[in-house]
Structure formats: structure tokens, C-alpha cells
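Trainee: Numbering-wise (the numbering used here), the sequence shown opens with residue -18 and increments by one. Every residue gets a Cβ at the ideal spot worked out from N, C-alpha and C, and that includes glycine.
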Amino acid sequence: MPTDSSTFINLFGLDQERSLGFLKKTTEREEYERRLVTHANLQLKAAGLPCVPSDADERIFDLSESLLENYREKNRLLRSSPIPVDQRIENYLDRYFESLNLETPLRLPDQTLTLDRHGMGRALSLPANGNYYKNDLVHSYRVKNGVLHNPRHDRRTTKGTFHVAEGGLPISGDKKAVPKLVFANLFKAAMDPPQEFLELPFTSDAPEKAHAFVSLYLRPLVAPKVPGYGTHKSMEIRFFAPGSLVSNLDFVESIFGNAGDPLLPDNDAGLDVEHWSGHTGCVVLAPQMLTFTKKELGLPHYDDATARQRRDSMCWKEESELYNDGQPFKITCRDKSGVVITLIADNYFGYCKKEVKTQISYATNLYGNTEEEHAGGAIAFRSYSLGEKFQAKSMQYNAQSFEDVVKRYSDFIDVMPEGYGVDKNFPNLIYVPEDALAMLTAQSISWTKDGKKQEIPLLPGQVYMTPSGYQIRMEKHPHAPSWRLIGTVAEGTFCHKPCTVSGGGKSEISKSLVDYMHYGPLFVSNLEQDFERIQGILDKPDFHLRWKEDYAEKPDYGNRDSRPIFGPQRSLGSVIKLLTPSADYNDEYNEWLASIPDYLLSLLFIIKRFEEEHWEENWTEPFGVDLVNGQPGHELKFRDRTLVGTYLRVGFLGPRKWRTFKLRQDFSPANKIQTEDDISASMVVPASKLKNLSKSENVDSLKFLINCEYRLFQRPDEAIHRGFDKQAEADLAGMRNFISNFAPLTREDILQMAEKVVDFDA
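1. Using a 10 Å radius around the Cβ and a threshold of 16 neighbouring Cβ atoms, would you call H702 buried or exposed?
2. Would you mind working out which of G548, P132 and G450 sits nearest Y332, comparing C-alpha positions?
3. Could you tell me whether the region 723 to 742 touches the region 232 to 252, using the rule of 3 or more Cβ pairs below 8 angstroms?
4. What would DSSP say about S452, mapped onto helix, strand or coil?
5. May I ask which residues mark the beginning and end of the beta strand (DSSP E) holding W257?
6. Quick test of your reading: L644 and T627, contact by CB under 8 angstroms. State the CB separation rounded to the nearest angstrom.
7. State the beta-bridge partners of S649 as determined by DSSP.
8. List the whole-angstrom C-beta distance separating K157 from F143, where the pair is believed to meet the contact cut-off of C-beta under 8 angstroms.
9. Can you tell me the Cβ-Cβ gap for S488 and D658, rounded? I've got them flagged as a contact below 8 angstroms.
10. Could you give the distance in angstroms between the alpha-carbon of R696 and the alpha-carbon of E369?
11. Are the region 187 to 203 and the region 340 to 357 touching, with three or more C-beta to C-beta distances below 8 angstroms?
12. State yes or no: is the C-beta of R363 within less than 7 angstroms of the C-beta of A651?
13. Where in the region 504 to 563 do unbroken runs of the alpha helix (DSSP H), each at least 4 residues long, occur, reported from the N-terminal end onward?
14. At the level of alpha carbons, what is the spacing between P(-17) and Q269?
15. Assign S35 to one of three DSSP states: helix, strand, or coil.
16. When you compare only the Cα positions, how much space is there between K6 and K434?
17. Take G319 and list the residues in its own chain whose beta-carbon comes closer than 7 angstroms to its own, dropping the five residues that flank it on each side.
18. Indicate whether P441 and V386 have their beta-carbon atoms separated by less than 7 angstroms.
19. Go ahead and label W428 buried or exposed: buried means 16 or more other beta carbons lie within 10 angstroms of its beta carbon, across all protein chains shown.
20. With a 10 Å radius around its C-beta and 16 neighbouring C-beta atoms as the bar for buried, classify F770 as buried or exposed.
21. Do K334 and I325 have their beta-carbon atoms positioned less than 7 angstroms apart in this structure?
22. Which one or two residues does DSSP pair with S121 in a beta bridge?
23. So is G501 buried or exposed if we call it buried at 16+ other beta carbons inside 10 Å?
24. Using a Cβ-Cβ cut-off of 8 angstroms (strictly less than) and excluding sequence neighbours within five positions of N248, which residues of its own chain qualify?
25. Identify, in the order they occur along the chain, each residue of the same chain with its Cβ nearer than 8 angstroms to the Cβ of T753, setting aside the five sequence neighbours on each side.
26. Threshold first: 3 residues or longer. Then list the beta strand (DSSP E) segments lying entirely within the region 296 to 339, N to C.
27. Does DSSP put H144 in a helix, a strand or coil?
28. Hey, would you say R630 sits closer than 7 angstroms to Y497, going by beta carbons?
29. If you draw a straight line from the alpha carbon of S215 to that of V66, how long is it in whole angstroms?
30. Helix, strand or coil for D284 per DSSP?
31. What ranges does the alpha helix (DSSP H) occupy inside the region 187 to 259, keeping only unbroken runs of at least 4 residues that lie completely in it?
32. Could you work out which residue in I437, S382, T422 and S543 is closest to D416 when comparing CA atoms only?
33. Just to confirm before moving on: does the CB-CB distance between A359 and Q708 stay below 7 angstroms?
34. Pairs of beta-carbons, one from the region 282 to 299 and one from the region 32 to 42, closer than 8 angstroms: are there three or more?
35. Can you tell me whether M716 is buried or exposed, with buried defined as 16 or more other CB within 10 angstroms of its CB?
36. Between the Cα of G517 and those of Y532, S576, I437 and E678, spot the shortest distance and give me the residue it belongs to.
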């Protein structure tokens, strides 16, 4: 059912459609994209640049020609009055480089094509009437599943990359220190790109081509909102790029949103006293900086250089030596005043995102009591395979009855006379009473109301929720013909992986284990002998003697025996704990456990998993193996179906071997909601300042986190193995993706792939 995205997305003052591109359910996607093209043509026309209007656009131009001329003239008259954020940046440049007595002050472009709404960057990044654009820096394609941009450099390197201008905050030893004059000269070079770099892809196929700088305004988060303690804080960042690199700005706004036209007072962070952190950033893309020599930028000769300049290669011996050996770099100028300016000599997309991350980190460090974290995270909702029968007892978890739920949430629950409810927004969500019984064999959910049994069908695709929030659903086994009941807890666990190095597993924490699981039959060696040995374990009379003498929490067996393995007194988890070596058990018992083969314990756990009432008297009867060529087989069966085991792959042992572990027979992977994948802002708050905390949160302080990205840019490394990362494959197969560093495939390529069924079905 269509749902308004704003219901689930915290906008933090940004507009859902104009800033983030999350369309409302009343907005038609194709019409919205047509309007974006018209808007782009209007902007070009207003700026006095060539455009590519459609017939409908021409009619609009005829009606608005005088308004556009008026707009152009006002822009010309106001050209000497910078946009407020640009004025803050230029004021900083004047202060920082005052001691150099430069002949001309450092200035930002006085006229740019402003990406004032989400989607403009994407519309401008490809020809208006074509599907392909290329120059020396990037090859761009319009593809069925979005846009594909392959920059000149397809990966980021850190060696020799990070350069910092002298005269500001201290420069760490792993960065290259750059004289002020060199930064000033690089800034001038960044403001003067070659004409071909300024070409807009949007008009590249037109008779007249537009050439311009493009700019973007961001308001990335610096601190999370904590109700009752403080509101969210954000900084401001200006991006500038020559027109041919507008795809970089599309990439950035897709992740961080578009804060609109910075000229308008409503968008000016300087007037947003409640939410602006007081920090300003600027990023300029300038690949042309790679062509300048060290000498012409102002670096000293080797004989005149300091020890650090020699170490950092900030000097030259030959006049022809290129700055940074002609390799990509970024150079930053910042001080404690709260302004940071970065020039990037490349168009690799990752540099742009990482620079926003770096500037957020800079702002949090100056702001205080907040931190930018290179983090990954997810909310994991534990799930269980419940077998074929489940009796709900939800009152013991939150003391809520079905009537209590209806009373509290009647606005979105349709209550049925039989005593259950249907969610008005999600009709596949069914609310059932606190004592509901789910039976897979009867495919029904039943309960008693007013002394009469009530029953509804148990159907695939529907979720049945008890008053405690516990969810029940039926699900087909991925690799067996059987169905099973799956239960999922109401309250998830927030798994947060903070301060993680690259490659440290940020993304993996949010991935489902489903893609790492594989299935196979359960093998037995000699079933009759195995059952005899299992019976010996069941008959062990002295489980109560397993504890160490000094174990403080040893149960009192004065009035009872140790619970039997079969029977409702012990769950499968309790049996596993009983038969797993522990530091709480004495040496004799642990040695006895070590003598039991792993496969035998696995077999016992499987038998316990399928336990039924009163079958401890003849538990072997439902299990067996087929006769194969007159001899007992080795695949275990439960009644008339072959049992399937689940194994978890946790690594490779060479090219043809997997490292796997057998999972419990009742295992079901957790449901996960990804919460962060790279850039998060966090704040620690005293517990005394907060209200309505859970009783379990008996702590002095709590950390609050917010993901700074509205869209996550994934690097699906495992997608090179066909069929392994199913989520990555599903995402790539979706529409309107931003894709980088992939090969463009034609329709003919796809048909040829599909014809090679041996590879395609692998």
C-alpha cells in the first residue's frame, strides 16, 4: 500500500521532495522528472546560457521572457553582492591570507548554476536528448536501472593524498604541510578550469553548448536531536564543480540532501540560529590542479626547503616536477574559527562523500559534546523457528490485553466482532488476542472469546501480532518442502559498530545472514547404534552433579531431580546449554561431554527440536532412514520427509573449501533494519536529564546517534559472486540508482547473458 515517505523519514527541516527526492504518494514520478527538465531549461535561460527546450518549454519561455530578462538584469546588478554563505567563505579567505598581500583577493565563482532542488544534478548530468556523455574525466550512461558514471579514477588512494595549508590548526605528521602561498595559487587554479571542463552534459548534444560552474548547498547533521535535552544541529557546506562534473554533485545530494538555493533567507544557515552549529565548509572540484608544477605554485627549491618540506616532497629539484607527482590529492585550509575549505584534484565520487564526513568531524570537534563516527549499525529483531505450533502468552511480557491495544490504538485498527483487528495502513498486519494459538497443521489462529472458540486462517504473507508486539507468521523453508512458524520479538537490539576502520565490517553488521546460509541433508552413520548412544545420554542419572563445588549459583536439588532432557521442563536452548562444556561444570562432567562426538549431539538436538508430547516413551519411532540398494541409507528422515540442516558460512579455506558451522534446527535469522553505514553523529547525555527511560537502562549516561546520510552508498564487494549477495542484486535491479564503476550493458549483452543458461543459473 503506498505510504507517505515523510511518515518514516526525519526531515530535519528539509523538504521531502525538493530536498530529498522522496516523492509524496500524490506525486507522479514521470511528471516530476519532466518538470525537473523544464526547471533546468528555465535556469539555463535565466542565466543567459544555451538550453534544450521541448515544445512545451518553448511555450513557457514565450510567456515568461520578460520575467527572465528582468531576472538576468537583477543578477547582473547584484553580482558584486555574494550569497551569504559565499560571503562568509570569502571573508575567511581574506582573513586567512591577509599576510600574503595578494594582488587580487581569492574569490568564489560569482555566477554558478545553482542546483536548488533534488534531482537537478541528475537531470544535468546527461544529454537532454541522449543517453551517453563522455570527456577526459568521466563516462556517463543513462541505463534502465538509473544512471551510471565511471570516473577516470575508479578507486581512492590514501598515499600522499591529504595536504593541509599551514597557518591554521596543527598539522599531524601523516599529512603533508603546504605553504599558504601554494594553497592560494591552487585556489586560483581551481577557479579557472579549462573550457572543456565547464561543459554541461545536458547541452552537450545541442548545437549551442552551455559552459558554467555548478554549485550545491548542503546542511549535513552535526548533532542528533534529543527530546527534552536539545535540538539537532547542522553545519553548512558549499560545493562547486565545473559543469562536466555535475554528476559528483548529484552523488552528494543523493546522500546528504539538497538544502536549496542559499540566496533565499529561508535556506540561509546564518539566519537559522536554532539549528546552525556555526560552522561553514566549502569543497571545490578541480582536476586541472594536477597539471601544475611545484615551481609555478610557489614551492621552494630542494636546497632552500625545510626538513619537513623535503620529507613531504614540498620542494623541487627539476623545474618540470608536477605537484604531488601529478597524482590525485585534496588540500584543506582550516582554523579554529569554524570555516574549512577543501580543493579536490580528482572527480572520484568517494572523495566528495569522505570530504563531507571530514568536515562534519571538524565541526563536531569544534562544537563539543558531539562526535562524528565512522560507524555501521542496525536494529536487529530476534527471530525464532517455532515449529508447527505456538501458544501465545503475551500478558507475561507487558501485561497488555487485546482490549488494551484497541483502546490505545483505535485510530489505525479496524476491530472485528470475532475479537481480532486489522491494521488500517497495512492490511496484512493482523492483531490477535494475548492467548492466541497458532497451528500450522490446521493453518489457523484460534482463541476463546466470551466462552466461544474463534478462529481465522493462518495465511502466507500475513503477520499476526500479539498485544506484546510479538509477531507470528508462516514461512516456507528455503530449501525444503515444509512450512514453519516464525516468531519475531517486538523490541529490537540496536547494534552499533563505532569508530571503525575501512574494511572493519560496518556494512556486514546490517546484512541478513540469509545469504551466508546454505542447506544440506542431515547425515547419520549407523542410526540404530546412534540411537542407543543417545538413549544412554538420556538415561544419565546424575546431571545434578555437574556443577563445581564452589559455584555460587548452583541450583538446590534437595526437593527435586535435575530436569529431564525430554519434556516441557527443558527447552532446546536449555538442552544445548546442558550438553555444552562450561567453566561452571566440574572437570569430570566436562570430560564426559568431550567424549561425545559432535554429530551425536547434533542428532540429539534435532530430535529435541521435533519433540512432541509424551513421546519420551518411544522417541525413536518418528525417525528413520530409507533403504538404498538393500542397505540402510544415511539421510535422516522425520516421518515422511527428509530433514534439512542449516549451515553458516563464515569464511573460505582455499578456492574450493568453505568454513561452515551447523546451526540449531530452530534457528531463524534476525530481521534487521539498517540504521547507519558510514557517517553518524553522536552525543552522550546524562541519564538524569532524560525522562521515560526503560527500567533496564539503569546507567549514568546514554549515547544518542543519528545517521547523517539519507541514502547509503554501498560497495557490494560480494556481488561479483553471482547469487551470493542477493540484496545487492535486488538493489541494482531497482530503478533510479546512482551506479559507479560498473560496465554498461546493452540489451544485446543482456540477451546473450540470458542465453548462456549454464552461467546464468549458476
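Mentor: Reading it off the structure:
1. That one is exposed.
2. Nearest to Y332 by C-alpha distance, out of G548, P132 and G450, is P132.
3. Put simply, the region 723 to 742 does not touch the region 232 to 252. Fewer than three CB pairs are less than 8 angstroms apart.
4. According to the sequence provided, residue 452 is Gln. The question's Ser does not apply to it. Of the three classes helix, strand and coil, the one that applies to Q452 here is strand, per DSSP.
5. First-last of the beta strand (DSSP E) with W257: W257 to L266.
6. Right, the Cβ-Cβ distance comes to about 4 angstroms (below 8 angstroms), so this counts as a contact.
7. DSSP lists S364 as partners of S649.
8. Indeed they touch by this definition, with Cβ atoms about 7 angstroms apart.
9. Sure, about 6 angstroms apart at Cβ, within 8 angstroms.
10. Taking the straight line from one Cα to the other gives about 40 angstroms.
11. With the cut-off at 8 angstroms, the region 187 to 203 and the region 340 to 357 touch.
12. Yes, the Cβ-Cβ distance between R363 and A651 is below 7 angstroms.
13. Considered as a whole, the region 504 to 563 harbours 508 to 519 and 553 to 559 as its complete alpha helix (DSSP H) runs of no fewer than 4 residues, in chain order.
14. With a pLDDT of 34 at P(-17), under the threshold of 50, the modelled position of this residue cannot be trusted; read the value that follows with caution. For P(-17) and Q269, the distance between alpha carbons rounds to 47 angstroms.
15. The answer is coil: DSSP assigns S35 none of H, G, I, E or B.
16. Approximately 41 angstroms, taken between the alpha carbons.
17. Counting only Cβ-Cβ distances below 7 angstroms, and skipping sequence neighbours, we find G259, H260, T261 and L347.
18. Their beta carbons are not under 7 angstroms apart, which means P441 does not touch V386 by this criterion.
19. Result: buried.
20. The chain is shown only over -18 to 743; residue 770 falls outside these bounds and no answer can be derived.
21. Contact: no.
22. Bridge partners of S121: Y114 and H130.
23. G501 sits exposed, since fewer than 16 C-beta atoms from the chains shown fall within 10 Å of its C-beta.
24. Around N248: Y198, A240, G241 and D242.
25. For residue 753 there is no data in the structure shown, the boundaries of the chain being -18 and 743.
26. Segments of the beta strand (DSSP E) lying fully in the region 296 to 339: 311 to 315 and 320 to 325.
27. Here H144 carries a strand assignment [DSSP, helix/strand/coil].
28. Going by C-beta atoms, R630 is nearer than 7 angstroms to Y497.
29. Cα to Cα, the separation comes out at about 14 angstroms.
30. If DSSP states are grouped into helix, strand and coil, D284 belongs with the helices.
31. Every alpha helix (DSSP H) of 4 residues or more that sits fully in the region 187 to 259 is shown, in chain order, as 227 to 237.
32. When only C-alpha atoms are compared, the closest one is S382.
33. Result no, Cβ atoms of A359 and Q708 do not sit closer than 7 angstroms.
34. Put simply, the region 282 to 299 does not touch the region 32 to 42. Fewer than three CB pairs are less than 8 angstroms apart.
35. Counting Cβ neighbours within 10 Å, M716 comes out exposed, since fewer than 16 surround it.
36. When only C-alpha atoms are compared, the closest one is S576.
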